[in-house]
Amino acid sequence: MAPIPDPADRTRKPLASVRGMHDLLPGPITLWQRFEATARTVLDTYGFEEIRTPLLERTELFVRSIGGATDIVEKEMYSFADRDGDSLTLRPEETASCVRAGIEHGFIHLGVHRLWYMGPMFRHERPQKGRFRQFHQLGGEIFGSPGPEADAEIILITARLWRRLGLDGLLLELNSLGTPDSRRAYRSLLTDYLLDRESDLDEDSRRRARTNPLRVLDSKNPDMQEVIEAAPRLADSLDPESRDHFEALRAMLDEAGVPSTLNPRLVRGLDYYTKTVFEWTTDRLGAQNAVCGGGRYDGLVEEIGGAPTPGVGFSAGIERLVALLAESGTAAEPDPPAAWVAAVGPDAALVAPAVAEELRDAGMSAVLDAGEGGFRAKLRRANRSGAEIAVIVGEAEAAAGEVSIKPLRADRPQCTVARAALKDAVAAWLPAPPAGGPGRFRANRPKNAPGQT
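For the sequence shown, position 74 (counting from the first letter as 1) is numbered 82 according to the numbering used here, and the numbering increases by one without interruption.
Here it is in structure tokens:
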């Protein structure tokens with residue numbers, strides 16, 4: 009364990025975030041908020057309920073679910089022993105956590121459950137574009153439904169999310185891994201093929217040929233592509249049940265107008281998948297081209313300790329999707345406040361916070377000017393904020409129980425009103441909130457407004 013730094017050491021360098029873990033700052037976070045709000049709306053449309061699980065889980069959960077021979081477990085997990093000697097891991101994904109929670113609280117076997125989650129995950133990977141050591145995922149799971157209609161529903165959710173976000177150019181790739189029995193038969197066939205060509209394999213593929221041969225098919229090494237293309241095809245080893253399931257899924261997607269491409273080399277990086285696997289990919293993010301993936305995992309609940317329960321789900325990388333939003337030209341600008349409240353004078357400063365509260369009580373967004381300077385400086389800040397109006401409290405107004413309302417975006421004269429009439433007066437001057445919205449009055453930001461100060 010590294011020594012704890014001495015707090016009295018004055019030669020220390022300024023602290024920075026941990027490599028591969030980043031701050032989300034007030035400007036760019038607006039795109040994240042847009043993504044999150046859209047995702048919540050879409051998932052609610054499909055009848056999904058939110059679940060929140062701990063960041064820390066017992067390491068055994070991920071070893072049993074993801075597979076001990078996967079890169080995630082072997083090289084990427086943040087695992088450590090706590091003071092009680094228990095091995096704990098920062099979650100690298102959340103499907104296993106959802107299953108654990110469902111078993112622990114006794115609901116996963118009771119009918120069909122549709123769950124969604126959103127939050128940080130952790131993997132010790134080499135940071136690069138679209139890949140971080142702390143990253144964020146949106147995910148959804150359906151438990152208790154064995155048919156292809158559940159697979160279709162999961163994929164249709166993601167397709168609708170892309171449309172609602174205005175993202176185009178995402179391509180859907182599909183494959184079927186079959187049942188555990190047909191997969192084991194194919195694994196044996198593939199292992200024999202790879203070991204016969206061991207001299208043609210790179211170092212990672214030689215190791216995987218013995219521990220997790222299906223992952224060789226996912227290699228991005230250009231020198232491996234000839235070997236991969238000549239490998240036996242999983243589709244030729246599929247059992248009739250898996251083939252019928254996959255064909256029904258593709259027919260459902262065709263009927264819903266969601267095009268897909270068969271990718272016989274798509275295997276995903278987790279051992280728990282059975283039958284359907286899928287990925288949404290893009291050519292706009294470099295090597296990290298997958299933005300969303302998932303599939304069916306009918307044996308996972310039993311593997312973790314529950315009764316046999318079918319499951320299917322997806323997870324989407326929020327960093328990558330937000331990057332696509334930014335590339336599409338979506339502005340990362342916060343909504344301006346409806347009103348900017350400025351006090352001029354010591355007595356007025358005592359009254360101004362209460363004035364701002366009265367506006368917020370009425371459902372309006374209001375910013376209290378906390379900067380120094382006189383009336384002109386405060387008015388400049390109000391203009392730069394993008395607010396629709398400035399609510400001004402001077403010494404005379406404070407003494408008389410009044411405020412002045414100065415329009416900043418409309419050609420209307422300034423007026424003075426009693427504080428008792430402020431809510432109605434301001435509401436009459438501002439644009440109406442969107443129908444069914446949260447009751448927040450929004451104004452259009454001027455093109456030259458740099459943002460709040």
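Positions of the beta carbon are idealized from the N, C-alpha and C atoms, including for glycine.
Residue i versus residue j: straight-line alpha-carbon distance, rounded
| i | j | result |
| --- | --- | --- |
| A360 | K83 | 57 Å |
| R218 | E206 | 11 Å |
| W170 | G409 | 51 Å |
| G307 | R134 | 31 Å |
| L197 | L173 | 43 Å |
| L438 | S373 | 11 Å |
| Y280 | L179 | 24 Å |
| V235 | D94 | 43 Å |
| L270 | R215 | 27 Å |
| I150 | S323 | 12 Å |
| P344 | R223 | 49 Å |
| R72 | I312 | 7 Å |
| M232 | G28 | 29 Å |
| L242 | P272 | 7 Å |
| A259 | S268 | 10 Å |
| E287 | L358 | 58 Å |
| Q422 | V330 | 41 Å |
| V120 | P188 | 23 Å |
| R389 | A104 | 50 Å |
| Y201 | L246 | 18 Å |
| P34 | G337 | 18 Å |
| K283 | S250 | 6 Å |
| L209 | E335 | 37 Å |
| P454 | D419 | Note that P454 scores 36 on pLDDT, short of 50, meaning its location in the model is unreliable; the coordinates nonetheless yield the value given after this. Approximately 15 Å between the Cα atoms of the pair. |
| S227 | T289 | 16 Å |
| S87 | S25 | 20 Å |
| V275 | T38 | 35 Å |
Where residue i sits in the DSSP three-state scheme
| i | result |
| --- | --- |
| G110 | helix |
| G459 | The pLDDT assigned to G459 is 32, lower than 50, so where the model puts this residue is not dependable; a value taken from the coordinates is nonetheless given after this. In this structure, G459 counts as coil in the three-state DSSP scheme. |
| R122 | strand |
| H144 | strand |
| F56 | coil |
| K431 | helix |
| A351 | strand |
| P128 | strand |
| K83 | helix |
| L63 | coil |
| E133 | coil |
| E101 | coil |
| L274 | coil |
| R450 | Annotation note: pLDDT 37 at R450 (below 50); position unreliable, coordinate value reported separately. Residue state, collapsed to three classes: coil. |
| L197 | helix |
| I74 | helix |
| F88 | strand |
| A24 | coil |
| S190 | helix |
| L376 | strand |
| L293 | coil |
| V235 | helix |
| V309 | helix |
| A426 | strand |
| R420 | coil |
| R139 | strand |
| I165 | helix |
| N229 | coil |
| S336 | coil |
Residues bridged to residue i (per DSSP)
| i | result |
| --- | --- |
| N183 | V285 |
| P415 | I397 |
| L96 | R66 and F88 |
| S323 | G147 and G301 |
| G402 | V352 |
| H269 | For the sequence presented, residue 269 should be read as Thr rather than His. According to DSSP, which records beta bridges pairwise, T269 is partnered with E181. |
| E410 | A426 |
9 Å Cβ cutoff, residue i in contact with chain C
| i | result |
| --- | --- |
| G177 | Included in the structure is just one protein chain, with no chain C present. |
Pair within 9 Å by beta-carbon distance, residue i and residue j
| i | j | result |
| --- | --- | --- |
| P100 | F140 | no |
| L367 | A350 | no |
| V401 | G382 | no |
| N220 | T78 | yes |
| L164 | V285 | no |
| R168 | T53 | yes |
| A426 | W348 | no |
| G314 | G148 | no |
| A256 | G155 | yes |
| P342 | S153 | no |
Cβ-Cβ separation, residue j to residue i (assumed contact under 8 Å), whole Å
| i | j | result |
| --- | --- | --- |
| L118 | F56 | The Cβ separation is near 17 Å, so there is no contact. |
| L299 | G325 | Looking at the sequence itself, residue 299 is Val, so the reference to Leu does not match. Contact flag correct, Cβ pair sits at about 6 Å. |
| L98 | L63 | 6 Å |
| A406 | A356 | 4 Å |
| M126 | E237 | Contact doesn't hold; Cβ gap of about 38 Å is too wide. |
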